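Participant: Got a structure here, written out as structure tokens. Questions coming.
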Amino acid sequence: MDVTNDFPCSLLVEDPFFKREAIRYIRGLKRDSHSVESHLLLEKLGHATPSELPAHMWEESFKIWEKFFKAEPYKNFKEKLLGGGCVLEDVPRFLFFHVGNPDVGELYADLDPRMYLENATMLLDNVEDCPVQFPSENMPALRGLAICNASYYSFRGALPPTLEVLMIENGVYPEARINMNELLEGLGRLKILIVENCSITGQIDNIESLVPSLEAIVCRGPTNDCTCQEQVYSLLPNMLGILPAKNSSWSYTAWVGHVYYRDPSILSEICEVSLLERYQKRLEHLRERDVEFKEEEGN
Numbered sequence: 188m189d190v191t192n193d194f195p196c197s198l199l200v201e202d203p204f205f206k207r208e209a210i211r212y213i214r215g216l217k218r219d220s221h222s223v224e225s226h227l228l229l230e231k232l233g234h235a236t237p238s239e240l241p242a243h244m245w246e247e248s249f250k251i252w253e254k255f256f257k258a259e260p261y262k263n264f265k266e267k268l269l270g271g272g273c274v275l276e277d278v279p280r281f282l283f284f285h286v287g288n289p290d291v292g293e294l295y296a297d298l299d300p301r302m303y304l305e306n307a308t309m310l311l312d313n314v315e316d317c318p319v320q321f322p323s324e325n326m327p328a329l330r331g332l333a334i335c336n337a338s339y340y341s342f343r344g345a346l347p348p349t350l351e352v353l354m355i356e357n358g359v360y361p362e363a364r365i366n367m368n369e370l371l372e373g374l375g376r377l378k379i380l381i382v383e384n385c386s387i388t389g390q391i392d393n394i395e396s397l398v399p400s401l402e403a404i405v406c407r408g409p410t411n412d413c414t415c416q417e418q419v420y421s422l423l424p425n426m427l428g429i430l431p432a433k434n435s436s437w438s439y440t441a442w443v444g445h446v447y448y449r450d451p452s453i454l455s456e457i458c459e460v461s462l463l464e465r466y467q468k469r470l471e472h473l474r475e476r477d478v479e480f481k482e483e484e485g486n
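So the sequence shown is numbered by my numbering: it starts at 188 and just counts up by one.
Structure follows, in structure tokens:
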């Protein structure tokens with residue numbers, strides 16, 4: 188397998204207590220050099236990564252989607268807050284909101300301005316004969332937002348300019364057109380856009396000038412013929428596929444999504460992996476030891 192060079196080499200490889208085990212583990216990761224997971228784990232180990240770009244990641248590593256859609260209902264948090272079971276500082280990192288009317292401004296007005304809300308999932312369940320409107324007033328300083336449209340009517344307006352991650356789901360009524368150009372306008376910090384299918388990406392005009400800060404688009408459409416690449420190639424030239432979870436009913440011959448990205452550095456925010464705890468603790472110990480040794484040498 189091609190690697191950049193023989194170095195850097197993980198500290199675990201030189202550690203007498205972990206050497207053999209670490210070498211076997213690293214060899215296994217190198218054999219799977221086409222996966223994002225292997226690249227990231229080698230990076231965490233402080234070991235040389237493959238020179239070629241990864242070709243795929245596993246669906247179960249795409250945990251950001253799961254975090255948004257398993258968010259704690261705001262109603263539950265508010266009840267605990269009013270009942271004295273928690274304080275504003277205890278707000279979960281991900282909160283779920285049910286929006287049953289066309290004016291999201293009412294939801295914004297209900298939020299305590301002292302509450303730091305980092306990520307929100309909004310289920311748009313509008314039954315009125317008009318689109319849902321996201322107002323530009325009183326917007327919370329969200330870092331991440333997932334919008335799931337369960338209404339026949341679309342949505343439009345302004346989204347918080349602080350957004351770094353935006354997810355759009357339109358599965359109940361996919362024919363409901365979304366004004367993506369209006370929604371994305373002014374999102375100067377947006378790094379990751381996650382869409383349910385290619386049709387949503389297809390509604391974006393000139394993505395390069397509209398959101399130049401964008402570093403990755405994830406299309407969750409289960410198809411081998413994702414058309415998003417034609418739309419985003421000028422801004423996001425690299426692509427990898429998402430393989431179905433190992434316990435999924437989907438065949439491994441079919442992709443369950445695609446990731447289009449600018450630079451591999453963004454992949455750690457899309458693909459979530461972690462080292463075995465004993466490896467992590469040992470590495471921390473070895474790194475601290477090296478720092479202390481260098482400080483002693485400098486004195």
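Yeah, the Cβ is synthetic: ideal placement off N, Cα and C, and Gly gets one too. Treat the numbers as computed from the prediction; the structure is a model and nothing was measured.
What are the residues that DSSP puts in a beta bridge with H445?
Facilitator: Looking up residue 445 in the sequence shown gives position 258. For H445, which the question treats as bridged, DSSP gives the partners C406, G428.
Participant: In angstroms with no decimal places, state the Cα-to-Cα distance between L332 and L397.
Facilitator: The residue you call residue 332 lines up with position 145 of the sequence shown. The residue you call residue 397 lines up with position 210 of the sequence shown. Between L332 and L397, the C-alpha separation is close to 18 Å.
Participant: Buried or exposed: E484, going by 16 or more other Cβ atoms within 10 Å of its Cβ?
Facilitator: Position 297 of the sequence shown holds residue 484. Flag for E484 reads exposed.
Participant: Go through its chain and collect everything with a Cβ distance to P195's Cβ below 8 Å, but skip five positions before and after it.
Facilitator: Locating residue 195 in the sequence shown gives position 8, where the first residue counts as 1. Around P195: G233, H234, A235.
Participant: In the DSSP assignment, what residue or residues form a beta bridge with N336?
Facilitator: Within the sequence shown, numbered from 1, the residue matching residue 336 stands at position 149. Answer is L311.
Participant: Quick one: which unbroken beta strand (DSSP E) runs of 3-plus residues sit fully inside the segment 196 to 271? Chain order, please.
Facilitator: Counting only runs of 3 or more, we get 243 to 245.
Participant: Taking 8 Å as the threshold, find out whether the segment 211 to 223 comes into contact with the segment 235 to 245 through three or more Cβ pairs.
Facilitator: Counting Cβ pairs under 8 Å, three or more are found: they touch.
Participant: Just grab the DSSP bridge partners of H472 for me.
Facilitator: Taking the first residue of the sequence shown as 1, we reach residue 472 at position 285. None; H472 has no bridge partner.
Participant: For my contact list, T308 and F283 are in at a C-beta cut-off of 8 Å; report their separation, rounded to the angstrom.
Facilitator: Along the sequence shown, one-based indexing puts residue 308 at 121. Along the sequence shown, one-based indexing puts residue 283 at 96. Contact holds; Cβ gap of about 5 Å.
Participant: Just to confirm the assignment, what range does the alpha helix (DSSP H) spanning Q418 have?
Facilitator: Translated into positions along the sequence shown, residue 418 becomes position 231. 415 to 419 is the extent of the alpha helix (DSSP H) around Q418.
Participant: Determine the DSSP secondary structure at E479, reduced to helix, strand or coil.
Facilitator: Numbered from 1 along the sequence shown, position 292 holds the residue referred to as residue 479. If DSSP states are grouped into helix, strand and coil, E479 belongs with the helices.
Participant: Candidates E471, D290, A328: which alpha carbon is nearest P322's?
Facilitator: By 1-based counting over the sequence shown, the position of residue 322 is 135. Answer by Cα proximity: D290.
Participant: Cα-Cα, which of L350, M326, N288, A296 is closest to Y339?
Facilitator: Locating residue 339 in the sequence shown gives position 152, where the first residue counts as 1. Looking at the Cα atoms, N288 is the closest of the given residues.
Participant: For the alpha helix (DSSP H) holding M354, just list the boundary residues, first then last.
Facilitator: Counted from its first residue, the sequence shown places residue 354 at position 167. Counting along the chain, M354 falls outside any alpha helix (DSSP H), though it belongs to the beta strand (DSSP E) covering 352 to 356.
Participant: Please classify L423 as buried or exposed, where buried requires at least 16 neighbouring CB atoms within 10 angstroms.
Facilitator: Taking the first residue of the sequence shown as 1, we reach residue 423 at position 236. Flag for L423 reads buried.
Participant: Measure from the alpha carbon of L463 to the alpha carbon of each residue in E208, K257, P203, then state which is nearest.
Facilitator: If you number the sequence shown from 1, residue 463 lands on position 276. Nearest of E208, K257, P203 to L463, Cα basis: E208.
Participant: Tell me the residue span of the beta strand (DSSP E) that contains I381.
Facilitator: Translated into positions along the sequence shown, residue 381 becomes position 194. That run of the beta strand (DSSP E) goes 379 to 382.
Participant: For S225, count the other beta carbons within 10 Å of its own beta carbon; 16 or more makes it buried, fewer makes it exposed. Which is it?
Facilitator: To locate residue 225, count along the sequence shown from 1; it is residue 38. S225 comes out buried.
Participant: Quick one: what's got a C-beta closer than 8 Å to L350's C-beta in the same chain, skipping five residues either side?
Facilitator: The sequence position of residue 350 within the sequence shown is 163, counting from 1. Result list for L350: L329, R330, G331, L332, L374, R376, L377, in chain order.
Participant: Going along the chain, which residues of its own chain have a beta-carbon closer than 7 Å to the beta-carbon of Q418, five neighbours each way excluded?
Facilitator: Numbered from its first residue, the sequence shown carries residue 418 at position 231. Taken in chain order, the residues that qualify are T388, G389, I391, I394.
Participant: If you follow the alpha helix (DSSP H) that G292 is part of, which residue opens it and which one closes it?
Facilitator: If you number the sequence shown from 1, residue 292 lands on position 105. First-last of the alpha helix (DSSP H) with G292: 291 to 297.
Participant: Flag this pair as yes or no: are the beta carbons of L370 and G344 separated by less than 9 Å?
Facilitator: Walking along the sequence shown from the start, residue 370 turns up at place 183. Walking along the sequence shown from the start, residue 344 turns up at place 157. Contact: yes.
Participant: What are the boundary residues of the alpha helix (DSSP H) that L397 is part of?
Facilitator: As a first step, residue 397 is located in the sequence shown; it is residue number 210 there, counting from the start. Here the alpha helix (DSSP H) through L397 covers 394 to 397.
Participant: Can you tell me whether I210 is buried or exposed? The criterion is at least 16 other CB atoms within 10 Å of its CB, across all chains shown.
Facilitator: Here the question's residue 210 lines up with position 23 in the sequence shown. Result: exposed.
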